[in-house]
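Chemist: Those protein sequences? They're chains A and B, same order as listed.
So for the first sequence, the UniProt record's numbering puts the first residue at 1; every next one is plus one.
So for the second sequence, the UniProt record's numbering puts the first residue at 1; every next one is plus one.
Backbone N, C-alpha and C fix where the C-beta goes; we use that ideal spot for every residue, glycine too.
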Amino acid sequence: MDKARTSSRRTSPRLWLAGGWLLLALLAAILAPLVAPQDPLAQDLMLERLPPFWLDGAEPGYWLGTDSLGRDLLSRLIFGGRIAFIVAFAAAASACLIGSALGLIAGYFGGWADRIISRVVDIWLAFPPVLFAILLVAVLGTGLSSVIIAIAVIDWTRFCRVIRAEAMSQARMDYVESARIAGYGRMGIMLREVLPNVLPSVVALLSLEMGIAVIVEAILSFVNLSISTDDPTWGGMIAEGRLSIHQAWWVLVFPLTTLILTVLCFSQFGEGLKARFDPVLR
Amino acid sequence: MLLQRFLVRLSTMLVTLFGVAVVVFVVIRVAPGDPIAMMLPPGASDDDIARLRALYGLDKGIVQQFFIWLGGVLHGDFGTSISLRQDVLGLVFNRLPATLELATVALLMAVAIGATAAILGARERGTAVEAGIDIASGATLSIPDFLWGLVLILLFGVLIPVFDISGRVSPQLDLPFVTQFYLVESLLRLRFDLTWDLLKHMLMPAVALALPLAAIIAQLLKQSLKEVLDLDYVVLARVKGFSETQVILREALKNAALPTLTLVGVQFTFLIGGTVIVERLFSYEGLGNMAIDAVINRDLPLIQGIVLVFALLFVLINLTVDMMYALLNPRLRHG
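(1) I'd like to know whether the C-beta of S142 of chain B is nearer than 8 Å to at least one C-beta of chain A.
(2) Checking the sheet assignment: what are the DSSP bridge partners for D87 of chain B?
(3) Name the DSSP bridge partner or partners of T66 of chain A?
(4) Are L70 of chain B and A103 of chain B close, meaning C-beta to C-beta below 8 Å?
(5) Within the 8 Å Cβ cut-off, does G79 of chain B reach chain A?
(6) Answer with yes or no whether the minimum CB distance from F53 of chain A to chain B is below 8 Å.
(7) Tell me whether L3 of chain B sits in a helix, a strand or coil according to DSSP, three-state version.
(8) So, under 8 Å CB-CB, L73 of chain A and T66 of chain A are touching, yes? Tell me the CB distance rounded to an integer number of Å.
(9) For G286 of chain B, which residues from the same chain have a beta carbon less than 7 Å from its beta carbon, with the 5 sequence-adjacent residues on both sides left out?
(10) How big is the Cα-Cα spacing for S81 of chain B and L308 of chain B?
(11) With three or more C-beta pairs closer than 8 Å as the rule, is the segment 155-165 of chain B touching the segment 198-214 of chain B?
(12) Return yes when the C-beta of L102 of chain A is under 7 Å from any heavy atom of the ligand COA, and no when it is not.
(13) Using a Cβ-Cβ distance cut-off of 8 Å, determine whether residue 349 of chain A contacts chain B.
(14) Let me see if you follow: with CB-CB separation under 8 Å, is L96 of chain B close to chain A or not?
(15) Could you tell me whether the Cβ of V263 of chain A comes closer than 8 Å to any Cβ of chain B?
(16) List the residues of chain A whose Cβ lies closer than 9 Å to the Cβ of F25 of chain B, in chain order.
(17) For L107 of chain B, I'd like the list of residues in its chain whose CB is within less than 7 Å of its CB, leaving aside the five on either flank, ordered along the chain.
(18) Quick one: is P129 of chain A near chain B, going by C-beta distance under 8 Å?
(19) Do L64 of chain A and W250 of chain A have their CB atoms nearer than 8 Å?
(20) Alpha carbon to alpha carbon, how far is V8 of chain B from E227 of chain B? Give it in angstroms, no decimals.
(21) Below 6 Å CB to CB, which residues in the same chain sit around I133 of chain B once its five sequence neighbours on both sides are set aside?
(22) Looking at P144 of chain B: is its Cβ nearer than 8 Å to the Cβ of I215 of chain A?
(23) Fully enclosed by the segment 181-260 of chain A, which alpha helix (DSSP H) runs are 4 residues long or longer?
(24) Are V120 of chain A and I163 of chain A closer than 8 Å when you measure CB to CB?
(25) Report yes or no: is there a C-beta of chain A within less than 8 Å of the C-beta of T16 of chain B?
(26) Where does the unbroken alpha helix (DSSP H) through E185 of chain B begin, and where does it stop?
See the structure below:
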């Protein structure tokens, strides 16, 4: 008990720090046309590979410097955040919906439903996920919706496995039995009793999955299979930065730092929420 | 008992592999976009297209195509790569050793780093050292191999250029190897100059793959060690006058390792899955790098072959871990 209390006290600052960064990045993405100092697509070969503001040769107005086509890095990062957050929310929500529904069915009903769903999960886990994602996007054609579908189709198993295990253990609890005796139908019990109890795990996974979705989008951009080459994405910027790494390290460093920070914050935010809402830990 | 468990696992394994084959086949065939159209120059006649479709068996129904392909696979014939015009199995076997060597080196590094951190954390439990290990492993875990790879490229490829960040071996070297297991062969032939060159290329991608797994091992093994350290027999060893490190290494470790072993098995498959993008990142000539090219070129037979080989590798690892667990766990061994 003592240990649980200290750990939940320790989670508070990380919840705030992680949430703060995510909120800041989200607001910047939403207000991108207002806060971005430059046009993210404007190329100017006179301004190519300008260094960030603290180095010699920097130009005012280009705080983080420019890439090899003279595009402003800060503005591209801010606009790239739009796609990152759209993918994060849409893909994680879809994966969560598919996975949680199948997990609840498998865990609560057991029997044939469980056997089939578990077998499908086994099959899914035998695919290398990155290769699966690349294959799906290649098949569906590049574009925002393809990326979202691909991530959801691959990562639902993450939710399914956790929810199935939770639903299984919950289904054996006394309160579920009481609800059954009280005359609730199976579906009713699942939605009224089991679902609220698995919610903390779902929320933590959801936040984690958003971070994963951002990375998968970056990986797909990196192999040139994500959105279009025009719209700035963090992954596309990283790919561009990898190419000019020996001439201008900042072209890679800024998008990479942004991505790492965001991913780290998503996972810490999820862990923090879980610790706060989990009745056992609390 | 063990045999029965083995046979059950083996049959589920075959079902899984069959499922993987079906899924890959369906995903690829449902795809819009014709691989044949991409092979031919624009303005090819309909006759040419039809001839090529027949050559690759694409003119038949999808179910029929699947069983023709599956029949071939069972005889060791995975078809012919469309983009490279070579036997798929030959191509895969040519690249697989590079990936296996990379994954094995990464696994060994992960175990070494993770176990060291776990033992240190368990010895210094309740101190700032343990808290530091917790924070470091938590952060390391959240950052996936792809991002670690990029960080390592920046740090040790550009800022302090000590390691090679591209390729498997320096291209100017004269290689005497007859197999594709370069690292193993360089050791067997006592060509340590080549071993060193291979390791210099392998180190960065291997560390990128190893770090997240090392963090998981550190967390789990430390937890198990701390639980075991409170047990009577460990307390007895301490009373006998062994130092805390000796107690952990001689008494606690072998009983705490079992849960970690199971987890390492599952995580090893994730690590191998990670080689796909990490190989790409470091231009390492392994199976994963070839897989991405195959997808970009819409090389259907090659994609199918590679995915199936990866899946086979995954289920074999899971089977091995499961059997090792059964052998090492006395309760299951006699139960």
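Modeler: Reading off the structure:
(1) yes
(2) B:T80
(3) A:D72
(4) no
(5) no
(6) no
(7) helix
(8) 6 Å
(9) R95, A98, T99, L102, T275 and E279
(10) 15 Å
(11) yes
(12) Absent from the structure shown: the ligand COA. Ligands present: none.
(13) Lying before the first or after the last residue shown, residue 349 of chain A is absent from chain A, which here runs from 1 to 282.
(14) no
(15) yes
(16) Within chain A, no residue comes near F25 of chain B; the closest Cβ sits about 12 Å away, beyond 9 Å.
(17) F268 and L271
(18) yes
(19) yes
(20) 33 Å
(21) A117 and G121
(22) yes
(23) 186-189, 195-222 and 234-243
(24) no
(25) yes
(26) Y182 to L188
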